[in-house]
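**Q** Numbering (this note's numbering), first residue to last: 7 to 204. Built from N, CA and C at the ideal position, the CB exists for glycine as well. Since the model is a prediction, treat every value here as computed from it, not as a measurement. Submitted below is the structure of interest, expressed as structure tokens.
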């Protein structure tokens with residue numbers, strides 16, 4: 007007749023083999039907790055930094071004017087866009103459409119904060135196939151984030167800001183050649199809130 011339980015002597019080698027695995031699990035638990043805590047702190051930092059965009063939330067309508075200095079020509083567009091938080095509040099997006107004499111262009115901005123680099127970053131995409139990456143730095147005098155692009159294939163760099171005052175946004179942009187302060191294009195923008203949130 008078989009005994010229902012194996013003798014303790016037979017279990018001893020198995021338990022000795024299992025002990026390091028159990029110890030490893032105990033060691034792994036604090037590491038997982040630390041990673042979870044670090045991730046939660048990262049998300050909290052991003053959300054705190056993105057509070058800057060709370061005043062940009064909503065639907066906006068307005069116009070933009072581009073003055074090309076070398077040719078002394080001006081182009082005007084009408085524009086409307088919507089600002090929303092996305093991905094559980096870790097990103098801010100602007101979805102819009104501008105209309106010029108060349109026709110309509112739809113576009114999207116995606117903005118976030120990168121705690122590891124301590125910098126705001128934004129990506130721009132449009133229906134004409136254009137895309138740009140911007141970094142944003144705080145301007146203490148203007149009390150705004152200034153968005154600056156990397157140099158493009160023609161060595162142009164764009165810097166602009168948008169400032170919310172109540173239900174109106176005003177902004178300015180300059181495009182220069184990398185390493186030069188002389189503007190090639192001056193760009194102004196004015197928007198009003200399309201719908202006032204109650």
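#1: Taking the alpha-carbon positions, what's the residue 159 to residue 39 distance?
#2: Taking only runs that begin and end inside the stretch 118-204, name each unbroken beta strand (DSSP E) of 3 or more residues, in chain order.
#3: Quick check: the stretch 74-81 against the stretch 38-55, are there 3 or more CB pairs under 8 Å?
#4: Does the Cβ-Cβ distance between residue 69 and residue 181 come in under 8 Å?
#5: With C-beta atoms as the reference, is residue 132 less than 8 Å away from residue 112?
#6: Report the option in 96, 125, 105 and 98 whose CA atom is closest to the CA atom of residue 81.
#7: Let me check understanding here. Comparing Cα to Cα, which of 193, 185, 170 and 192 lies closest to residue 65?
#8: Under 8 Å Cβ to Cβ from residue 62, same chain only, skipping five residues before and after it: list those, please.
#9: Could you check where the beta strand (DSSP E) with residue 103 kicks off and where it finishes?
#10: Please state whether the Cβ-Cβ distance between residue 161 and residue 188 is less than 8 Å.
**A** Result, derived from the coordinates:
#1: When the Cα atoms are used, residue 159 and residue 39 turn out to be separated by approximately 46 Å.
#2: Considered as a whole, the stretch 118-204 harbours 125-132, 137-145, 150-155, 162-171, 174-183 and 189-199 as its complete beta strand (DSSP E) runs of no fewer than 3 residues, in chain order.
#3: Taking 8 Å as the limit for Cβ pairs, the verdict is that the stretch 38-55 does not touch the stretch 74-81.
#4: Not a contact, by the Cβ cut-off of 8 Å.
#5: Annotated as proximal: residue 132 and residue 112, with beta-carbon spacing under 8 Å.
#6: Residue 105 holds the alpha-carbon nearest to the alpha-carbon of residue 81 among 96, 125, 105 and 98.
#7: Residue 170 is the option with its Cα nearest to residue 65.
#8: Only residues of its own chain outside the window of five on either side were considered, and among them 89, 98, 100, 168, 170 and 175 have a CB closer than 8 Å to the CB of residue 62, listed in chain order.
#9: Where residue 103 is concerned, the enclosing beta strand (DSSP E) starts and stops at 97-106.
#10: The beta carbons of residue 161 and residue 188 sit no closer together than 8 Å.
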